[in-house]
Structure formats: C-alpha cells, structure tokens
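Numbering (the UniProt record's numbering), first residue to last: 1 to 125. Notes for the one structure printed next.
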C-alpha cells in the first residue's frame, strides 16, 4: 500500500491505534507520521527492509512509543542477503537495549546475529 494513502488515515485515527505493523520500514514519511500521531501503540511489528537508512527513525519511533508499548516484534531475517541481514541485525542489537521500556512484556527479534552483538544487547537491556 502506498504510504501517501496511509498518512491521512494515521493523522485522523492515530490516537486510537493500539496495534500496528509495518511490512517495510523503508517508508520514511510513514515512520514520521507514526511518531507524530500514534502515541498509544501497545503492539508494534516492524519488518526492517534491506536498507538501514531509516533505522535511526525506527529507534526514535520505538523511543516515542515506549510509554505504552507492551509488545515489540522486529524482523529483518526475511531477505536473502545474509551479510546485509547480519549488518542490520548488528545495528539493532547494539542500540535497541538502550531504548526499551521496562514495562515491555514481549520482545520478538527475527535477526541474524553473531554472539558479540547479542552480548551487547543483553548488557544494555
């Protein structure tokens, strides 16, 4: 679905949304709209694309929602470029632990990792 079609819907109904998923986080404007208008998200599913340009926006989105966020699912394991998956997974693990809320009840990470990145994540969580 075109992100331009979703933006007006998010602006009008953002405060009422509690569950939301993005199949492709490469849409910068959609992520910005969610950050601005959706403060009551409790369940968030993010499928990170092949491009990590928006990964900092994704982190900002999670920080912005952490007051209400109870369930977080992040998947970047659905692409065939293993080296790219490992690179993006590494960025996620090195940064995510610092921004997660203590009230988070459920975390599901679909990542391609190496042991040292997982250790960093666990220390920062």
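The beta-carbon is built from N, C-alpha and C at its ideal position, and this holds for glycine as well. What you are looking at is a predicted structure, and each value in this text was computed from that prediction instead of being measured.
Run of the alpha helix (DSSP H) containing residue i, from where it starts to where it stops
i           : result
residue 85  : 82-96
residue 118 : 115-124
For residue i, the first and last residue of its enclosing beta strand (DSSP E)
i           : result
residue 22  : 19-22
residue 111 : Residue 111 -> no beta strand (DSSP E), and no H or E assigned at all.
Where residue i falls: helix, strand or coil (DSSP)
i           : result
residue 100 : coil
CB contact check: residue i to chain D, cutoff 8 Å
i          : result
residue 86 : Of the chains in the structure shown, none is chain D; there is only one protein chain.
Closest residue to residue i among the options (Cα-Cα distance)
i           : options           : result
residue 102 : 29, 63, 6, 8      : 63
residue 47  : 12, 98, 74        : 74
residue 113 : 29, 77, 124       : 77
residue 15  : 39, 55, 28        : 39
residue 68  : 123, 6, 90, 17    : 17
residue 125 : 31, 94, 22, 34    : 94
residue 42  : 120, 21, 30       : 21
residue 99  : 36, 27, 29, 72    : 72
residue 126 : 115, 97, 6        : A question about residue 126 goes unanswered here, because the residues of the chain that appear run from 1 up to 125.
residue 54  : 91, 110, 119, 111 : 91
residue 27  : 11, 122, 49       : 49
residue 65  : 86, 35, 87        : 35
| field | Length-filtered (4 minimum) alpha helix (DSSP H) runs lying within the region 7-77 | value | 28-37, 55-65
| If you pair each beta-carbon of the region 57-71 with each one of the region 81-89, do three or more pairs fall below 8 Å? | Counting C-beta pairs closer than 8 Å gives fewer than three between the region 57-71 and the region 81-89, which falls short of the contact rule.
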